[in-house]
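Per numbering that gives the first Met the number 0, residue 0 is the first one in the sequence shown, and the count goes up by one each step. Even glycine gets a Cβ: it sits at the ideal position worked out from N, Cα and C. All remarks here apply to the structure that follows.
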Amino acid sequence: MDGAASSSIQLRCGLVLKNRLVKTAMSEKMADNLLPSANHRALYRRWAEGGWAVLITGNIMVSDRYLGSNEDVAVTGTTSALLQSWSEWTASTKNQNCHMIAQLNHPGRQSPIGTGKRSIFAKTIAPSAIPINLGDNIVAKLIRMLVFGTPRAMTRYDIDVVIAQFTEAARLAYQAGFQGVEVHAAHGFLLSQFMSPNSNQRDDEFGGSADKRVELVLRIIRSIRKEVPKSFCVGVKINSADFKDEEGMAEMLRQIKLIQEEEIDYINLSGGSFEDPQMMSTNSSLQPNSAESRSSVREGFFLRTSEEIRRRFSDLTLLVTGGFRSRNGIAGALDKNACDLIGIGRPAVKYPELPSKIMFNEDISDSEAGFDVESAPGGGWLASKIRSVGAGVETKYWVAAMKCSPSDKPPVKPLPDLTTDSQWSSSPF
0 MDGAASSSIQ
10 LRCGLVLKNR
20 LVKTAMSEKM
30 ADNLLPSANH
40 RALYRRWAEG
50 GWAVLITGNI
60 MVSDRYLGSN
70 EDVAVTGTTS
80 ALLQSWSEWT
90 ASTKNQNCHM
100 IAQLNHPGRQ
110 SPIGTGKRSI
120 FAKTIAPSAI
130 PINLGDNIVA
140 KLIRMLVFGT
150 PRAMTRYDID
160 VVIAQFTEAA
170 RLAYQAGFQG
180 VEVHAAHGFL
190 LSQFMSPNSN
200 QRDDEFGGSA
210 DKRVELVLRI
220 IRSIRKEVPK
230 SFCVGVKINS
240 ADFKDEEGMA
250 EMLRQIKLIQ
260 EEEIDYINLS
270 GGSFEDPQMM
280 STNSSLQPNS
290 AESRSSVREG
300 FFLRTSEEIR
310 RRFSDLTLLV
320 TGGFRSRNGI
330 AGALDKNACD
340 LIGIGRPAVK
350 YPELPSKIMF
360 NEDISDSEAG
370 FDVESAPGGG
380 WLASKIRSVG
390 AGVETKYWVA
400 AMKCSPSDKP
410 PVKPLPDLTT
420 DSQWSSSPF
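Structure follows, in structure tokens:
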């Protein structure tokens, strides 16, 4: 059993985590009229009983006008009905010393046409009127036009509304019994769109430099902090893979510096988007492919970036999500101080009791304590034309796994071919 992974840690807000294992956010797509369902409660209860220190929810959209899927949880309806539903969700994990954190999100231009409470003719919103790039071929461009369209550039009023929506969602999460919120600024969603020079070409106070592009995130953090107690956890999820060259790395580090100067408890380092979906695939080239590599510190996707962040910001609590598939890999990352917390997604679906039954099970040797996951079938011709289709198939596969009866084990055998669905319009995170 690994000592580092099983050790407790206290966050800046005072929240104590019993170990270092975090069930990271995955889009469940099982909401009932945009509210958490009985399936949510059963699934999260099972995870809580499995020994996880933290359960980060899938997307809770701060606006019911812009969704990633019509099966998302969102801020919607009357406050009383919402609080009752959310409170029942958090109550499902009580008495397990397991903390629930609500991932708050706005899809921006990644909201497919036909989702949310808006007209099919209403444009999505983004920092600039730049459409998603799904590929350069005619098929990709046609799908992009039909599924997403071209967004409109947000006005200052739009920006103020988004700040208020994130703030209200955080306030509701606190009232419903969540122990914290994670502000989603990764995976190509709205806040990530603001942070990236590729999608933000504004020349006002929210664009034009690395500092200005992160300004919206900073204002959201400040606004949330005014509405919740200091004991309430506030984390921020950012992309690593958006920044690939030396200049991009410098910009990312600058934005992290500004974020960590606010009252945040951790940064979740992740990656991937519709435009760059590499991390979203189980078969990602980032994924270790041998027993030797699985036993190394390089098992996680973004450890090189996290190590650079650690050198610059030694007091920042780092959660790294993606690519961990063994006890040895997790131990290597923690022992090398590359991160403080380990985010695990799809293996948590296949092995909901992964902490208690694998990681902290003394009857399982280090060499045997692995939790690989299988790849989704299909993708076909369309996947060769649109870069996000393969990732979408993976999403549908694992969403289907989460929708299995909570009394049964999630599927280990392959699920049916899901390529007949609109898989390219689904984000897993």
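- Excluding the 5 residues flanking it on each side, Arg117 has same chain C-beta neighbours closer than 6 angstroms at Arg64, in chain order.
- Within the same chain, Cys12, Gly13 come within 6 angstroms of Ser230 by CB-CB distance, once the 5 residues on both sides are set aside.
- For Leu145, the number of other beta carbons within 10 angstroms of its own is below 16, and it is reported as exposed.
- Judged by DSSP in its simplified three-state form, Ser5 adopts helix.
- Annotation for Ile129: Ser198 place their beta carbon closer than 6 angstroms to its own, counting only its chain and skipping 5 residues before and after.
- The stretch 89–149 contains, as complete alpha helix (DSSP H) runs of 4+ residues, the segments 137–146 (chain order).
- Contact annotation, Val182 with Ala101: C-beta distance approximately 10 angstroms; criterion of less than 8 angstroms not satisfied.
- Per DSSP, reduced to three states, the secondary structure at Ser325 is strand.
- Taking a C-beta distance under 7 angstroms as the contact criterion, Met358 and Ala4 qualify as a contact pair.
- Gly57 and Ile363 have their C-alpha atoms roughly 30 angstroms apart.
- If you look at His39, you'll find it in the alpha helix (DSSP H) that goes 37–48.
- Distance check between Leu66 and each of Arg108, Glu393, Val372 places Arg108 closest, using alpha-carbon atoms only.
- Using a 10 angstroms sphere on the CB of Asn267, the tally of other CB atoms reaches 16 or more, which defines it as buried.
- Per DSSP, Met29 is not a residue of any beta strand (DSSP E), being assigned neither H nor E.
- The DSSP-derived three-state label of Gly67 is coil.
- For Ala399, the closest C-alpha among the options Gln254, Leu42, Ala249 is that of Leu42.
- When C-alpha distances from Lys28 are compared across Thr316, Lys22, Asn69, the shortest belongs to Asn69.
- CA-CA distance, Glu250 to Ser305, rounds to 15 angstroms.
- In this structure the stretch 133–145 does not touch the stretch 155–170; the number of beta carbon pairs closer than 8 angstroms is below three.
- Contact annotation, Phe300 with Gly321: C-beta distance approximately 4 angstroms; criterion of less than 8 angstroms satisfied.
- DSSP, reduced to helix, strand and coil, places Val213 outside both helices and strands of the structure shown, so it counts as coil.
- Here Tyr265 is bridged, per DSSP, to Gly234.
- Taking Ala347 as the centre and dropping the five residues before and after it, the same chain places the C-beta of Lys22, Trp46, Leu353 closer than 7 angstroms to its C-beta, in chain order.
- If you draw a straight line from the Cα of Ser84 to the Cα of Ser366, it comes to about 43 angstroms.
- DSSP, read as helix, strand or coil, puts Glu181 in strand.
- When the beta-carbon positions are compared, Ile124 and Pro150 come within less than 7 angstroms of each other.
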